[in-house]
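Undergrad: The following block contains the structure, expressed as C-alpha cells.
In my numbering, the protein residues as written are 982 to 1526.
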C-alpha cells in the first residue's frame, strides 16, 4: 500500500470492459481528506471509479494509491435477496467463527477469523439498536427488509468497521426522510476520508469538497472517450453557483467569438470583391499601356492582393481558433426527448383501488398519485402485490387493479436479464418494434453506442434504470398505469429533472413511491396517500417535509 499526502490518488488510470470499450482513459487526480461528493452525468464512470478505488476492479493501466484500507458500499447491494444483516454489516465471517468456537470447534482458522473481535456481536447489537434493530436480526435476509432498511444497515456496518477510507455509492437511495436525517448526522462526523456518489442535493451540501467526473468528447457518455476529474473546494451548491457563473461567461465569450468570426469572414469577402474590381479595372487600363509597364503594375497588384488575402485569412483562422476555444468551455447538456404513446385512459375511469380494510382509495383516469410513508411501512410490498394482480392478504393494506395494462418499475431493478443487452431486454416488451426504431427510442433516453449492446450487468445504475424505464414506456400496447418505486434512485441531478419532464407528457395513471419530494412536486401530484405504521391508509393534502 502506498501512503501519499492525499488519501486517494489516481495516476493515469485507464479501465476497459472485456469487450474493449473504454470506461476511463488516463484519469489523473486526487481526493482530499474529509468529506467529498463525487458528481457527474450518468454513464461517465462514477460507480466504476469507486469500484477501482475499492479494488473490485483492477485498472487496465495506471495506478491507484490509497492511504489505508478502503470500505465500500456498492450502489446495487440490495439486488441479492439472500444477503443477511450480518453480511451487510461485514461481520458474517467473524460471527460464523465465533459460533463454531462456542459449539466446541477449536480449529485455529476460527480463532484467526475472530482476531480481537470477541465482542463483535455486542458491538453490532449496540450499533443496530441506534437504527431500530438488534442482534436478533443478524440472520435476517435482505428480502425481508425494505430497500431503505438494507441500505442503512450496510452504512452502519461501514461505520462499525471504521476504515480509513470509505466509499458510498448513492447511500440515500430508498431512505425515508427521518432516516436520511439520521444518516446526515452520521456523515457529519464520519471518521476518516469519505467519498460519496449521490444525486441527493441535501447530502451533497454536507460535503467539504465536490469532485466532478466530466466526459471528454462531444457527448456525455465517456465510455468511448474517457473523462477527467476536477476538484472544487466547497459543497455542491457552491460548486453549482461557480459552474453557472463560469458557464454564463463562457457562453458570452462564445457568442462574442462567433460574432468576431462573422465579422472577419465578411471583411474578407468585401476585400475579395474589391480585389476583383481593381483587377478588372487594371486589366482594362493595361490595354492602353506599354506591355512592360502593364506587366509591372499587374505583378505589383497581384503581390498586394496576395498579401492582403494572407492577412485576412490569418485573421479568420485566429477568430475560428478563438471560437473553438470558447466553445470548448461551454458545457453541452444532453436532454431526454420522448414522445410517449397514448394509453387511452379516459378521465374518471377507475384504474385501481387501494384499501386497508376500512378505507378505500380509488385511482382513476390519468391521476398522479404519490404513496408516502416511513421505511418498513409496506409501500413496496403493496406495489408488488398490486402489480402482480394477486389478491390482497386479509388484514393488510392491499390493492386491486381495474386494468391489465400495467408497467411496474421495481425499486431493485431486478426484472432485467443482466446477461443480455439493453436492446434485447427492451425488445421483450415490444417484440413488434423494428430494431432500428427500438434503437432510436433508446437514444432518446440517452442510451446509445456500446451501452446498447453490452450486457446490462456492465451498465451504470443510471443506465440500468433507463433500460428498465424503456421497457415500461415503449411497451406495446402502452401501459395504462405506471407503478414506479423510487424511480430517481440511480439518476444524476439533471436526469431527475428530465425524467419529470418526460413523465409530465404521460397520459396514463401514475402511482409513485418516492422520498424525493422535490421530484414529486415537479410531477404535479394530484393525490398523496400515506401508509402509516401498522398498515393504515391516510389520504393527505400535501407531501409535507
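No residue lacks a Cβ here, since even glycine has one placed at the ideal position from N, Cα and C. Given the structure is predicted, the values throughout are model-derived calculations rather than measurements.
#1: Under the rule that 16 or more other beta-carbon atoms within 10 Å means buried, what is residue 1174, buried or exposed?
#2: Quick test of the definition: if touching needs 3 or more C-beta pairs under 8 Å, does the region 1426 to 1446 touch the region 1026 to 1034?
#3: Along the beta strand (DSSP E) that carries residue 1162, what are the first and last residues, could you check?
#4: Return helix, strand or coil for residue 1465, following the three-state DSSP convention.
#5: Whose C-beta lies closer than 6 Å to the C-beta of residue 1366 among residues of the same chain, with five residues either side of it excluded?
#6: Could you give the DSSP three-state label for residue 1377: helix, strand or coil?
#7: With DSSP as the reference, label residue 1232 as helix, strand or coil.
#8: Do the CB positions of residue 1431 and residue 1469 come within less than 8 Å of each other?
#9: Is the distance from the Cβ of residue 1392 to the Cβ of residue 1023 below 8 Å?
#10: Among residues of its own chain, excluding the 5 on either side of residue 1091, which ones have a beta-carbon nearer than 6 Å to its beta-carbon?
#11: Put residue 1084 into one of helix, strand or coil per three-state DSSP.
#12: What does the alpha-carbon distance come out to for the pair residue 1114 and residue 1375?
#13: Consult DSSP for residue 1511 and reduce its assignment to one of helix, strand or coil.
#14: On a Cα-Cα basis, can you pick out the residue from 1319, 1317, 1343 that is closest to residue 1329?
#15: Alpha carbon to alpha carbon, how far is residue 1136 from residue 1147? Give it in angstroms, no decimals.
#16: Going by Cα to Cα distance, which pick from 1373, 1045, 1428 is closest to residue 1318?
#17: Taking Cβ positions, are residue 1387 and residue 1462 nearer each other than 8 Å?
#18: Can you give me the C-alpha to C-alpha distance between residue 1131 and residue 1149, rounded to a whole angstrom?
#19: Leaving aside the five residues before and after residue 1373 along the sequence, list all residues of the same chain whose C-beta is less than 8 Å from its C-beta, in chain order.
#20: Using the beta-carbon count (16 or more within 10 Å), is residue 1107 buried or exposed?
#21: If distances are taken between C-alpha atoms only, which option among 1235, 991, 1158 comes closest to residue 1355?
#22: Suppose you measure from the CA of residue 1046 to the CA of residue 989; what does that come to, to the nearest Å?
#23: Just list the alpha helix (DSSP H) runs in the region 1394 to 1441, keeping only unbroken ones of 4 residues or longer that don't cross its boundaries, in chain order.
#24: With distances taken Cα to Cα, identify the nearest neighbour of residue 1126 among 1425, 1332, 1361.
TA: Looking at the coordinates:
#1: Buried, because 16 or more other Cβ atoms sit within 10 Å of the Cβ of residue 1174.
#2: Output reads yes: the region 1026 to 1034 touches the region 1426 to 1446.
#3: In this chain, residue 1162 is not harboured by any beta strand (DSSP E); it is covered by the alpha helix (DSSP H) spanning 1158 to 1169.
#4: Note: residue 1465 maps to strand in three-state DSSP.
#5: Only 1379 meet the Cβ criterion.
#6: In the structure shown, residue 1377 sits in coil (DSSP, three-state: anything other than H, G, I, E or B).
#7: Helix at residue 1232.
#8: Their beta carbons are not under 8 Å apart, which means residue 1431 does not touch residue 1469 by this criterion.
#9: Against a cut-off of 8 Å, the Cβ pair of residue 1023 and residue 1392 comes out as no contact.
#10: Here the set comprises 1078, 1081, 1082.
#11: DSSP, reduced to helix, strand and coil, places residue 1084 outside both helices and strands of the structure shown, so it counts as coil.
#12: C-alpha separation (whole angstroms): 27 Å.
#13: Strand at residue 1511.
#14: Checked all of 1319, 1317, 1343; the closest Cα to residue 1329 is 1343.
#15: Those two C-alpha atoms are separated by around 10 Å.
#16: Residue 1428 is the option with its Cα nearest to residue 1318.
#17: In contact: residue 1387 and residue 1462 (Cβ atoms closer than 8 Å).
#18: C-alpha separation (whole angstroms): 14 Å.
#19: Here the set comprises 1336, 1366, 1379, 1380, 1381.
#20: Taking a 10 Å sphere around the C-beta of residue 1107, we find fewer than 16 other C-beta atoms and assign the residue as exposed.
#21: Here the closest residue by C-alpha is 1158.
#22: In this structure, the CA atom of residue 1046 is about 6 Å from the CA atom of residue 989.
#23: Counting only runs of 4+ residues, the alpha helix (DSSP H) found wholly inside the region 1394 to 1441 occupies 1403 to 1408, 1416 to 1425, in chain order.
#24: Residue 1361 is the option with its Cα nearest to residue 1126.
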